[in-house]
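Here's the structure we're looking at; comments come further down.
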Amino acid sequence: MAGQAPAFARVGHQVVATLTETAPEVVAEAAARAVLSASGRTPWVLQVFTPDTPRGNALAPFAESLEAAVAARLPAERRVEDAQRAREAGAVLFSLCVAPDGVTVVGAVTAREAVSLAPGGRRRMRRAGDAPSRAAMKLEEALDGLAFEPGRGDVCADLGAAPGGWTQRLVSRGAKVVAVDPARLMPELTGHARVKHVQESAFSYAPDEPVDWLFCDMAWRPLEVAQLLAKWGRRGWAQHLVANIKLPMKDKNPILLRVRHTLTQEGGWEGLTVRQLYHDRDEVTVTAHKLK
Numbered sequence: 001m002a003g004q005a006p007a008f009a010r011v012g013h014q015v016v017a018t019l020t021e022t023a024p025e026v027v028a029e030a031a032a033r034a035v036l037s038a039s040g041r042t043p044w045v046l047q048v049f050t051p052d053t054p055r056g057n058a059l060a061p062f063a064e065s066l067e068a069a070v071a072a073r074l075p076a077e078r079r080v081e082d083a084q085r086a087r088e089a090g091a092v093l094f095s096l097c098v099a100p101d102g103v104t105v106v107g108a109v110t111a112r113e114a115v116s117l118a119p120g121g122r123r124r125m126r127r128a129g130d131a132p133s134r135a136a137m138k139l140e141e142a143l144d145g146l147a148f149e150p151g152r153g154d155v156c157a158d159l160g161a162a163p164g165g166w167t168q169r170l171v172s173r174g175a176k177v178v179a180v181d182p183a184r185l186m187p188e189l190t191g192h193a194r195v196k197h198v199q200e201s202a203f204s205y206a207p208d209e210p211v212d213w214l215f216c217d218m219a220w221r222p223l224e225v226a227q228l229l230a231k232w233g234r235r236g237w238a239q240h241l242v243a244n245i246k247l248p249m250k251d252k253n254p255i256l257l258r259v260r261h262t263l264t265q266e267g268g269w270e271g272l273t274v275r276q277l278y279h280d281r282d283e284v285t286v287t288a289h290k291l292k
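When the count follows UniProt numbering, it moves up by one through the sequence shown with no breaks and lands on 292 for the last residue.
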């Protein structure tokens, strides 16, 4: 849909140059010239990545050396080291895609418009030591893309919480969590001072009072989950939303259109984003908020 970021894209750049040289020094010099020509006097961030394929991954050592060689040829005073700060600085994100067969593509996008700030959209998260699954990494990646995140004193509802991967990460940030799930939580969350375990269905649960954040990661039919999240938005039960929506094997886009409509038109959620993150599988992560 017009004006919406593509749900299944990892990155998106305007192509500045396509290089077919193979000698490392020649590639670095040509890439640096392309970046200098496109950047003007604007702050810049440089990232290098390879296609996420066996042939592409084999080029990772060359890509790393190319990044250092190109950066050394660019004005250091305008470089923004941290991609997360690039949006605040109004920087341009330059990406070098080192592809097989001696092709390197130089791309540019303003950091504020970037689909992802991770090189190639491959946002690698460290697995939390006691996390029961990759669930914690999915949440960390989702929060990484937000301007702010739950912290000390915030109250979060975690629907479908068991065994507790998301609850664990929220508690580690200092938040209080109402974990809603008939199943048991992992032992370290049982009896935790900032965790209230409500052992009932997420579909029947109603909070005693509104919460700051609503989280949901349930292996359930997508339209029914969307209706549940819309109910929370419609009734003003939460201010911010982060949820994972499972998708069918076929006809993903029609389902996504219905999910978007349900959340925005029926639930009143604002600023909706829908993206398949690096750690997502047949699913997408949605974020949204409610205006006070």
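The C-beta atom is built at its ideal place from N, Cα and C for all residues, glycine as well.
Rounded C-alpha distance that separates residue i from residue j
i, j, result
"Asp82", "Val155", "30 Å"
"Leu241", "Leu185", "22 Å"
"His279", "Lys290", "26 Å"
"Thr273", "Val286", "5 Å"
"Val225", "His13", "33 Å"
"Gly40", "Gly233", "44 Å"
"Asn253", "Glu270", "20 Å"
"Gly189", "Arg275", "Here residue 189 turns out to be Leu, not Gly, going by the sequence shown. In a straight line, the C-alpha of Leu189 is about 29 Å away from that of Arg275."
"Pro132", "Gly165", "Annotation note: pLDDT 43 at Pro132 (below 50); position unreliable, no value reported."
"Thr50", "Arg152", "38 Å"
"Leu277", "Leu223", "20 Å"
"Pro43", "Asn244", "34 Å"
"Val115", "Leu228", "27 Å"
"Gly191", "Ser37", "59 Å"
"Ala193", "Ala183", "19 Å"
"Leu139", "Phe215", "9 Å"
Residue nearest to residue i in terms of C-alpha spacing, selected from the options
i, options, result
"Ala58", "Glu149, Val98, Arg33, Ala28", "Val98"
"Leu19", "Pro100, Ala193, Asp52, Arg41", "Pro100"
"Glu200", "Val180, Met218, Thr190", "Val180"
"Gly120", "Leu247, Gly56, Trp220", "Gly56"
"Pro163", "Ala136, Arg33, Arg173", "Ala136"
"Ala23", "Phe62, Ala68, Leu159", "Phe62"
"Val105", "Arg79, Gln47, Glu77", "Gln47"
"Ala238", "Val177, Leu277, Val92", "Val177"
"Leu143", "Leu159, Pro210, Arg173", "Arg173"
"Pro207", "Leu159, Arg169, Leu247, Arg221", "Leu159"
"Phe203", "Ala68, Val70, Ala230", "Ala230"
"Glu209", "Phe215, Ala60, Arg235", "Arg235"
"Gly267", "Ala161, Pro75, Ala288", "Ala288"
"Asp217", "Arg281, Ile255, Arg260", "Arg281"
Under 8 Å between C-beta atoms of residue i and residue j
i, j, result
"Val198", "Val171", "no"
"Phe94", "Val27", "no"
"Arg123", "Glu141", "yes"
"Ala32", "Ala17", "no"
"Trp213", "Lys246", "no"
"Val211", "Ala157", "yes"
"Arg85", "Arg112", "no"
"Leu96", "Val70", "yes"
"Gly107", "Val15", "yes"
"Val284", "Ala7", "yes"
Residue i burial status per 10 Å Cβ neighbour count (16 or more: buried)
i, result
"Leu66", "buried"
"Ala147", "exposed"
"Met249", "exposed"
"Arg73", "exposed"
"Val92", "buried"
"Thr167", "buried"
"residue 295", "Coverage of the chain is limited to positions 1 through 292, which leaves residue 295 absent and any answer about it impossible."
"Arg258", "exposed"
"Glu5", "According to the sequence displayed, residue 5 carries Ala and not Glu. Under this definition Ala5 is an exposed residue."
"Ala118", "buried"
Contact test: residue i Cβ vs the ligand SAH heavy atom, cutoff 7 Å
i, result
"Val171", "Judged by which ligands are present, the structure shown has none, so any question about the ligand SAH falls away."
Checklist entry - Which ranges does the alpha helix (DSSP H) cover as unbroken runs of at least 4 residues, wholly within the UniProt domain "Ribosomal RNA methyltransferase FtsJ" (133 to 219), from first to last along the chain? => result 135 to 144, 165 to 172
Next on the checklist: Suppose only complete runs of 3+ residues qualify. What are the beta strand (DSSP E) ranges in the region 10 to 69, listed by chain order?
Outcome noted: 14 to 19, 44 to 49
Checklist entry - Quick one: complete alpha helix (DSSP H) runs, 4+ long, within the region 218 to 273? => result 222 to 234, 252 to 261
Item to check | Length at least 3, wholly inside the region 76 to 131: the beta strand (DSSP E) runs in chain order | outcome: 92 to 99, 103 to 110
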